[in-house]
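What follows is a set of notes on a single structure, which appears directly below.
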Amino acid sequence: MAPSSATSPAADRSGAQLSNTKTTVEFRAALVAMAIVALIPLGVSNPYWLGVLIVSMYFAILAGAWNLLAGYTGQFSLAPATFAMIGAYTTGLLNHYFGVAPLLGIVAAVVVSGLVGLLLGRAVLRLVGPYLALTTLSFAEIMRLVASNSIDITRGDLGLGVEGLMNSRVGWYYLFLGALVVLLILFYMLLRSKAGLFLQAIRDDEVAARRAGVNVVFWKTAAFAISAAASGFAGALYAHFAELVTPELGLIGQTGLIVSMTVIGGMGTLAGPLVAAFLVYVLSEWLRDVGGYQLVVFAALVIIFARFFREGLWGLARAAVKRRGRA
Amino acid sequence: MTLLSVRGVSKRFGGLVAVNNVSFDVAAGELVGLIGPNGSGKTTLLNILSGLADPDGGEILLDNVPCQGLTPERLAHRGVMRMFQLTRVFRRMNVIDNLLVAGRALGLGADEALARADALISELRLDVIRHLDAGQLSGGQMKLLEFGVCFMVPPRIALLDEPFAAVHPTMKEIMGDFIRSRHEKGQTFILVSHDMPVVVELCPRAVCMNAGAVVIDATTREVLNDPRVIEAYLGGQAA
Chain A
1021 MAPSSATSPA ADRSGAQLSN TKTTVEFRAA LVAMAIVALI PLGVSNPYWL GVLIVSMYFA
1081 ILAGAWNLLA GYTGQFSLAP ATFAMIGAYT TGLLNHYFGV APLLGIVAAV VVSGLVGLLL
1141 GRAVLRLVGP YLALTTLSFA EIMRLVASNS IDITRGDLGL GVEGLMNSRV GWYYLFLGAL
1201 VVLLILFYML LRSKAGLFLQ AIRDDEVAAR RAGVNVVFWK TAAFAISAAA SGFAGALYAH
1261 FAELVTPELG LIGQTGLIVS MTVIGGMGTL AGPLVAAFLV YVLSEWLRDV GGYQLVVFAA
1321 LVIIFARFFR EGLWGLARAA VKRRGRA
Chain B
5 MTLLSVRGVS KRFGGLVAVN NVSFDVAAGE LVGLIGPNGS GKTTLLNILS GLADPDGGEI
65 LLDNVPCQGL TPERLAHRGV MRMFQLTRVF RRMNVIDNLL VAGRALGLGA DEALARADAL
125 ISELRLDVIR HLDAGQLSGG QMKLLEFGVC FMVPPRIALL DEPFAAVHPT MKEIMGDFIR
185 SRHEKGQTFI LVSHDMPVVV ELCPRAVCMN AGAVVIDATT REVLNDPRVI EAYLGGQAA
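Protein sequences appear in the order of chains A and B. 1021 is the number of the first residue of the first sequence in the working numbering; add one for each residue after it. 5 is the number of the first residue of the second sequence in the working numbering; add one for each residue after it.
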């Protein structure tokens, strides 16, 4: 059989576009969502609700970072909140004991949490599924207990006072939004590059990825380090917003929220977890009065989405758009 | 010129000797059929050759350089590409991206990888499904896709494990034509198959394994007429 004629450059280009269409559509949807979020302070001036939205953005960064690791690379770590705590303590301790400026402290937080992520990534390289989840959960609890019990250094559960960056809540709002958009753009660029291909290949079949020549050790470790660095960045930013760092930042309940946001939004989608971070955190504020029962609500939602809607809210939205297109 | 040399390679799983002191050479440009009944050690040998299992003994030389113990990714970069018996594709990635992974990982630029992926898609007649996720493909289409992945960057040697098993005759023909045309251009293959008519048609030479050991290494006609091979397949009834 004679091979068919070579495809034209035009066909190559269309192939390139279509190949990345999903990620680009998700990126644009996320940008539209962020644009809407940018308009909210024009109509909402209540400091409490602005604070809720700021914390939502903190969680959106954490959900995005965890999604890169779990949703795109298939490494189900249970330590995202721990890296936020590590970032917060890095800048907090530098500021509290050495008077290091917050901006420099935030940079240090990114580097330190990224390095710890890299080491953890190397340590758990060969673990998958429940073994990986349990090992990272143990790491998370150990780090939290160390922070909680090192009272002489961290002041334990009393919390460590740190310097703020500004007093304006609206200023903080746009700083977090800017950070979220910058990370969104970085993740998008990463996913459009060959790194994105390799991470998703590792998620789908590690053996097939190795057969295809992908350096699985490097890329798995890199995903851990990048995700940890982004989480550490969020934690550091939050430390200066709250002007207090406590071990509560690393509570497993915080990780539970991050997992809920990602699963409900759509694991392995760019826009879903970011949007779901706002929905879930605002819902958690509404449910504040019911205390621990809110966890039951989130757990039920996670089970329902994981069982029936694997692509989360993003998948549901996409299906609805498709249906409308056919009608 | 010898491209691949397998010398006294053995592999044990507990008390089972899966590969027993296997030796043979493959010259550059050869198409060698590796046959034998189920459980004869063919797939284990391919696992060793592709870096997925370490041999307990023996030596493997690629271009006269020892390569046993190298990881699959290192071997892929040295030109050893493996197709699995149980299909392995990236199920949540589309057909193009499945091909691009191998192209980009093996050093092609974005445009070149895309051009090669498009050419392979045309040659393997996967055009209609090019933007479908691999998980949505039929079993035969997945096999064809995995087959294509092996040739995104022409390998030094392609190790194909049962490419024709449970595949529609049309797709079998596409793969057969592809193998034949690449072989004519000098591509080296080891082809594992239970499909004897195809082995006879494609492979000038065959190696038959039984119980982990090489029974005979000769021309395919000689191998298939050898009483030891018939006995291995029919369990002694023909002896």
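Beta carbons: idealized from backbone N, C-alpha and C, even for Gly. Computed from a prediction, not measured in an experiment: that's the story for all the values here.
By the neighbour-count criterion, in which a residue is buried when 16 or more other Cβ atoms sit within 10 angstroms of its Cβ, B/V203 is buried. Flagged as an interface residue toward chain A: B/F94, by a C-beta distance shorter than 7 angstroms.
A contact between stretches requires three or more CB pairs, one per stretch, nearer than 8 angstroms, and the stretch 1237-1245 of chain A fails this requirement with the stretch 1279-1293 of chain A. The alpha-carbon separation between B/L35 and B/T75 amounts to approximately 24 angstroms. Per DSSP, reduced to three states, the secondary structure at A/D1224 is helical. Counting C-beta pairs closer than 8 angstroms gives three or more between the stretch 118-136 of chain B and the stretch 95-105 of chain B, which meets the contact rule. Contact between the stretch 1077-1092 of chain A and the stretch 1247-1262 of chain A is present, with at least three C-beta pairs closer than 8 angstroms. Taking C-beta separations shorter than 6 angstroms and ignoring five residues to either side along the sequence, the partners of A/L1204 in its chain run A1050, following chain order. Positions of the beta strand (DSSP E) runs, each at least 3 residues long and wholly inside the stretch 64-113 of chain B, are given as 84-87 in order along the chain. Nearest to A/L1185 by C-alpha distance, out of A/I1173, A/S1170, A/T1111, is A/T1111.
For A/A1232, the nearest CB of chain B lies under 7 angstroms from its own CB, placing it at the interface with that chain. Between the stretch 8-20 of chain B and the stretch 175-182 of chain B there are fewer than three C-beta pairs closer than 8 angstroms, too few to call the two in contact. Between the stretch 1225-1236 of chain A and the stretch 1128-1141 of chain A, the count of Cβ pairs shorter than 8 angstroms is below three; the stretches do not touch. Given a length threshold of 3 residues, each whole run of the beta strand (DSSP E) inside the stretch 7-57 of chain B is given here in chain order: 20-31, 35-39. Residue pairing by DSSP places B/F193 opposite B/L35, B/A162 in a beta bridge. Between the stretch 86-96 of chain B and the stretch 144-157 of chain B there are three or more C-beta pairs closer than 8 angstroms, enough to call the two in contact. Per DSSP, the continuous beta strand (DSSP E) segment holding B/M213 begins and ends at 209-214.
Residue-level contact by beta carbon fails for A/K1240 and chain B, as no gap is shorter than 7 angstroms.
Just so you know, the alpha carbons of A/L1088 and A/Q1220 end up roughly 10 angstroms apart. In chain order, A22, V23, M213, G216 place their CB closer than 7 angstroms to the CB of B/G45, counting only its own chain and leaving out the 5 sequence neighbours on each side.
DSSP places A/D1172 inside the alpha helix (DSSP H), whose first and last residues are 1171-1174. By the Cβ-count criterion, A/S1280 is buried, with 16 or more other Cβ atoms from all chains shown falling within 10 Å of its own Cβ. Spanning the alpha carbons of A/G1216 and A/A1167 requires a straight line of approximately 34 angstroms.
Beta-bridge partners assigned by DSSP to B/A138: none are found.
Within the stretch 1077-1140 of chain A, the complete alpha helix (DSSP H) segments of 4 residues or longer fall at 1100-1118, listed in chain order. Judged by DSSP in its simplified three-state form, A/V1148 adopts coil rather than helix or strand.
Secondary structure of B/D115 (DSSP, three-state): helix. For B/S14, there are no C-beta contacts with chain A under 9 angstroms, since the nearest C-beta of that chain is about 23 angstroms from it.
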